[in-house]
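Structure, as structure tokens:
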Amino acid sequence: MLSVYREITAKHSFAKRAFVLIILAMLIVPGQLRAEFPDKPIKIVVYTGPGGLIDISARKFAGIASKYVDVNFVVENKPGAGGIVALKKVIQSPADGYNLYACTKSNIAKFVQVGGSDYINALSWIAMLMADPECVITNGTQDLYKWSDIVANALQQPGEQNWVGPAAGGLDHVTALKIWDAYGMDAKWIPFKSGGKALAALLGEQGVAYVGNPRDALGNADLHIAAVSSTHRLPAFPDVPTFTELGMIGLENEYMWRGFALKKGTPAAVVQWYDDLFKKVTADPDWISFWSKGGIDIKYVAEKEFTALVHEDAKVFEYYLRKSNILQDEAVGILANIATGNSFTILSLILVMIWLSASYGVYKSTYAPIFGRVMVIGFFLVVCILFLVQSLNFPSSSDVGPAAVPRLWIFMLIPLNLLLLFKTFRNVAEVSDSGPRVDIVLNFIGFLLVYLLLMQVLGYFLSTFGFILVSLYYLGYRKWRNSLIIAFGWILFSYLIFYKTLYVALPLGSLFEGLF
Amino acid sequence: MAELFGNLIDGLTFVTGIIPILTITLGVIMGIIAGATPGLSPSMGVALLVPFTYAMSPTLALILLVAIYIAANYGGSITAVTINAPGTPSSVVTAFDGYPLTKKGKPGLALGVSLVASTVGGIIGTLILIFFSGPLAKFALKFHPAEYFALAIFGLTTVASLGGKNWIKAFIAAMFGLLLNTVGIDPISGVSRFTFGFSFLYDGFALIPALIGLFALSEIFKQLEGGDFSTKAASAGNQEWPTTRTYWKLKNTIMRSSLMGTIIGIFPGAGATIAAFISYDVAKRVSKTPEEFGKGSLEGVAAAEGANSSSVGGALIPLLTLGIPGSASTAVLIGALMIHDLTPGPQLFLSNPDIIYGLLASLLIANIILLVLGFFGARLWIKVTTIPKTVLFPLIFAVSIIGSFAVRNSFFDVAACLVFGVFGWLLRRYNYSVAPIILGMVLGNIAETNFIRAIMMGGWTVFFTRPLSLGMLVVAAASFAVPLIQARKQRQ
Chain A
71 MLSVYREITA
81 KHSFAKRAFV
91 LIILAMLIVP
101 GQLRAEFPDK
111 PIKIVVYTGP
121 GGLIDISARK
131 FAGIASKYVD
141 VNFVVENKPG
151 AGGIVALKKV
161 IQSPADGYNL
171 YACTKSNIAK
181 FVQVGGSDYI
191 NALSWIAMLM
201 ADPECVITNG
211 TQDLYKWSDI
221 VANALQQPGE
231 QNWVGPAAGG
241 LDHVTALKIW
251 DAYGMDAKWI
261 PFKSGGKALA
271 ALLGEQGVAY
281 VGNPRDALGN
291 ADLHIAAVSS
301 THRLPAFPDV
311 PTFTELGMIG
321 LENEYMWRGF
331 ALKKGTPAAV
341 VQWYDDLFKK
351 VTADPDWISF
361 WSKGGIDIKY
371 VAEKEFTALV
381 HEDAKVFEYY
391 LRKSNILQDE
401 AVGILANIAT
411 GNSFTILSLI
421 LVMIWLSASY
431 GVYKSTYAPI
441 FGRVMVIGFF
451 LVVCILFLVQ
461 SLNFPSSSDV
471 GPAAVPRLWI
481 FMLIPLNLLL
491 LFKTFRNVAE
501 VSDSGPRVDI
511 VLNFIGFLLV
521 YLLLMQVLGY
531 FLSTFGFILV
541 SLYYLGYRKW
551 RNSLIIAFGW
561 ILFSYLIFYK
571 TLYVALPLGS
581 LFEGLF
Chain Y
2 MAELFGNLID
12 GLTFVTGIIP
22 ILTITLGVIM
32 GIIAGATPGL
42 SPSMGVALLV
52 PFTYAMSPTL
62 ALILLVAIYI
72 AANYGGSITA
82 VTINAPGTPS
92 SVVTAFDGYP
102 LTKKGKPGLA
112 LGVSLVASTV
122 GGIIGTLILI
132 FFSGPLAKFA
142 LKFHPAEYFA
152 LAIFGLTTVA
162 SLGGKNWIKA
172 FIAAMFGLLL
182 NTVGIDPISG
192 VSRFTFGFSF
202 LYDGFALIPA
212 LIGLFALSEI
222 FKQLEGGDFS
232 TKAASAGNQE
242 WPTTRTYWKL
252 KNTIMRSSLM
262 GTIIGIFPGA
272 GATIAAFISY
282 DVAKRVSKTP
292 EEFGKGSLEG
302 VAAAEGANSS
312 SVGGALIPLL
322 TLGIPGSAST
332 AVLIGALMIH
342 DLTPGPQLFL
352 SNPDIIYGLL
362 ASLLIANIIL
372 LVLGFFGARL
382 WIKVTTIPKT
392 VLFPLIFAVS
402 IIGSFAVRNS
412 FFDVAACLVF
422 GVFGWLLRRY
432 NYSVAPIILG
442 MVLGNIAETN
452 FIRAIMMGGW
462 TVFFTRPLSL
472 GMLVVAAASF
482 AVPLIQARKQ
492 RQ
């Protein structure tokens, strides 16, 4: 190997040599890892913050799985964008099985919305572990609370009923759309920030029905579960009829699932290792008793069947998201074209140029004292125009569209800024709240940028240690022993409190990532 | 009533045992730390400790979590007062007057008043929760999206009096905050807006990095620019603390803001931040010395802290009586209850009164323990103001970076925090106030989603046909116009 390296690099520049080294390293490293799986901790990547049901599932799984295998499971929370942030983390890591993605059916809705089939195909869907049937909850104190009455009423007055629930385009919304389709009825979906707030609206008689989990109705006697989408009555809710019992075929399998996925291309032996583990965990008495208390079905489905299920779910989501106008084809027309791609970049550049040259003009004129203030006003105006142009591309809708409110703020910002611009030119004498040492500020901004870049490579702990020492020195603090104590104390504090106790996944840096 | 008192006394007897008291004390200490650390919000503090409570009895677990929640709401004010880095969004308002007091060399006054206002507010909120939760919860349920929208607009009008002479700049800042809030996936239509194809923008800008950048970082940049950082701050030895008379003079402000905080806290989603802004605004209007506000008014500190701490009691009303979370922190509490096989809601009063009344009693005790710990603690945190700035600044930078990263484990948030820091510094240079940006970011979502929801449910006229909504909008319009007219009169 070494001779090959020498031969290739003999006549080449340093950069090329480094490149070849990296290629060689990539060839060698996975080979070593493949030797025996697992030989380092496995990260379970959770797409929500700590405390949610999927997070609890992941942590419970980690606890029980470590009874059967001698490996350390670390739960890493990567919340954001309905699972896209966590997904990216998994697909940007090597396909070696050390990043296990804890997924739910809600992810599929989001993936379909944002990345089409690309995101779904980027993962191997290796196991579904549990299923949670969906149900319709109504308010028992309202006249309309029986399922048959609701259907009859909706058929009489199409589109008049308000149904409440969490975000548009999510699992609960799509389940509602499916139910409406099955019964040939039509109603309005009023989305709330969370299921809990939607339930409050239901109790406040602002809606007729809520779609979600049967557990949501526990604890409040006013809430009534009208029907559940399951093949059989749920043991925890023996009085609640299924849709099948109510005479509707085709609504017996609407449920929320939770499971695990790996990056596509993970070696078969690793997947096999996980399969064995899932079988053991699913049969574990602790696991079973923990979930059955909450009325959640433990349902183990292995890779082949699960993958087919995921693709089927994706198709259904796509159909309904298109039907409800959440997924739309690209908008057309001249105005919409400006808002996308290269023409938008060019427009942004032109605006920035105008902004900078106008500010420079002010700087060179007799109005030099108000240069800074004009620049700030110009910045606001540029942002307003760019956002306004972007909003041309938003789909329209029958009610108030997604562009309405941003435009409202923009149309208030533009005149306010013009008024301020006018006043600024009239009142040149106004003093700014500035000091003499802008250079220190700029240097610190530079330090911070370098620090953030170094953090990617050297990791949080080393780069922070360096940053604290450098900035103490720069500010004139020259007691070296104290400086070292301060920097080290901070590192220790952040390691113990943030990294260990609060599960904050502080970056370890690309240089050291492989070591842990 | 007799039964209520009996249950309450049972609860108090349980809570005053050694182990519950120790649990509460532990919770209060952890809560103060979580609240004071920029980047750890009360809801995160509660969420992160849920796993530790698995092994505890349900009552103890709840007591611990609620103690953290209460103390974290207070903890945010410590850093707001001492280094102008509000630890929680609601303590932004505390910084308005708390930090100027520190700059004047009187952090003791601000810390003392914020502690007492917090705990008195917390106790008033709890008492309202104990005695009036039933009817208040029924009232909150009747709140239509139109009324939420009106409440948000009412919150926004506080900018008019916050801005004072610079009201145009204050409005620009607020509108900009509202506009920033529209970045990300639209919660109503599911369309992604202003994301420019970047997946890290799908959730929009997180509030905490913006808060840290606009306040903590911009403050350091400003002081660095001033160039006087090498001077050592005044010593804490002869610090001035509030006297009983000082507190007594503030009694009306504290009472009023606590009442307002509890009421506003009841509405799911409105919460502590709006309560603090509105209560501050009202305090300024009724004050005999409104010109002191923003320069170090004790009334301002008391109004902000009384409101944000009493909102805890308010937020627990829908949780306990209806099983519906009133804030992010109470949402986490619901999760914690469920882990212990308890379902929050009216049934809990019947099936497990011991837990409910233990919880209510612990709220009272936690506030008292907070008062005691805070009293001694204040002597400790005041030392922060005596740390030489050469040491303090690098550490604040370090806290800011780790705090903004901790929110979502994301580098984007760290970068955003830095950009907000530079942006805030530039804005403050040109006499813009940065607090309206935070207000805009907090209110944007409530205003927009409820605006659209109201129209979906009742058409465009719904805002004016519902009496409550109409009334609130009229009051909002008046409170917007009055300060502007006054400012105009004063100039003439």
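First to last, the protein sequences are chains A and Y.
So the first sequence is numbered by my numbering: it starts at 71 and just counts up by one.
So the second sequence is numbered by my numbering: it starts at 2 and just counts up by one.
Beta carbons are placed, not taken as given, at the ideal position from N, Cα and C, and that holds for glycine.
The Cβ atoms of glycine 266 of chain Y and valine 313 of chain Y sit closer than 8 Å to each other. If one requires a minimum length of 3 residues, the beta strand (DSSP E) runs lying completely within the segment 237-321 of chain A are 258-261, 279-282 and 293-298, in chain order. Within 7 Å of the CB of tyrosine 189 of chain A, no CB atom of chain Y is found; the nearest one sits about 10 Å away. For methionine 326 of chain A, the three-state secondary structure derived from DSSP is strand. Taking a Cβ-Cβ cut-off of 7 Å, the neighbours of threonine 391 of chain Y in chain A comprise Leu542, Leu545, Gly546 and Tyr547, given in sequence order. Each residue's CA atom was taken as its position, placing glutamine 348 of chain Y and aspartate 356 of chain A some 28 Å apart. Burial check for glycine 516 of chain A: the Cβ neighbour count within 10 Å stays below 16, so the residue is exposed. At a C-beta separation below 9 Å, threonine 174 of chain A has no neighbours in chain Y, since its nearest C-beta there lies roughly 16 Å away. The contact set of aspartate 11 of chain Y on chain A, defined by CB atoms closer than 8 Å, is empty, because the minimum CB distance reaches about 22 Å. Identification of chain Y residues near alanine 575 of chain A by a Cβ-Cβ cut-off of 8 Å yields Asn410, ordered along the chain. Look at arginine 129 of chain A here: in three-state DSSP terms it is helix. Residue pairing for methionine 200 of chain A: DSSP places it in a beta bridge opposite A:Arg328 and A:Ile368. Against chain Y, the CB of phenylalanine 464 of chain A has a partner CB under 8 Å away; the residue lies at that interface. Per DSSP, reduced to three states, the secondary structure at asparagine 209 of chain A is strand.
When only Cα atoms are considered, alanine 353 of chain A and methionine 198 of chain A end up about 14 Å apart. In the structure shown, the three-state DSSP call for isoleucine 114 of chain A is strand. With the criterion set as a beta carbon lying under 8 Å from some beta carbon of chain Y, the members of the segment 478-490 of chain A are Trp479, Ile480, Met482, Leu483, Leu486, Asn487, Leu489 and Leu490, in sequence order. Neighbours of valine 415 of chain Y across chain A, judged by C-beta separation under 8 Å: Leu522. Under a criterion of Cβ atoms nearer than 7 Å, the residues of chain Y adjacent to tryptophan 560 of chain A are, in order, Leu396 and Ala399.
Where tyrosine 75 of chain Y is concerned, the enclosing alpha helix (DSSP H) starts and stops at 59-84. The Cβ atoms of isoleucine 25 of chain Y and isoleucine 370 of chain Y sit closer than 8 Å to each other.
Under the three-state reduction of DSSP, lysine 493 of chain A is assigned to helix. Separation of asparagine 232 of chain A and aspartate 256 of chain A (C-alpha to C-alpha, rounded to the nearest whole angstrom) is 10 Å. Within 10 angstroms of the beta-carbon of isoleucine 555 of chain A lie fewer than 16 other beta-carbons, which makes it exposed. Under the DSSP assignment, tryptophan 233 of chain A falls in the beta strand (DSSP E) whose first and last residues are 232-235. For serine 194 of chain A, the pairing in a beta bridge is given by DSSP as A:Leu332.
Going by beta carbons, tyrosine 358 of chain Y and glycine 28 of chain Y fall outside the 8 Å limit.
Not flagged as an interface residue toward chain Y: asparagine 283 of chain A, since no C-beta distance is shorter than 8 Å. From the beta-carbon of arginine 303 of chain A, no residue of chain Y is found nearer than 7 Å; the closest lies around 20 Å away. Counting every other CB atom within 10 Å of its CB across the protein chains shown gives leucine 519 of chain A a total below 16, marking it as exposed. Beyond the five residues adjoining it in sequence on each side, valine 310 of chain A comes within less than 6 Å, by CB distance, of Ile295 and Val298 in the same chain, given in chain order. Separation of the CB atoms of phenylalanine 450 of chain A and asparagine 487 of chain A is rounded to 5 Å, and the pair is thereby assigned contact status at 8 Å. Contact of asparagine 368 of chain Y with chain A is not assigned, every C-beta pair being separated by 8 Å or more. When CB distances to chain Y are screened at a threshold of 7 Å, the residues of the segment 433-459 of chain A falling below it are Gly442, Arg443, Val446, Phe450 and Phe457, in chain order. Cβ neighbours of glutamate 148 of chain Y within its own chain (closer than 6 Å, five residues either side excluded): Leu469 and Ser470. The beta-carbon of serine 127 of chain A is placed no less than 8 Å from the nearest beta-carbon of chain Y.
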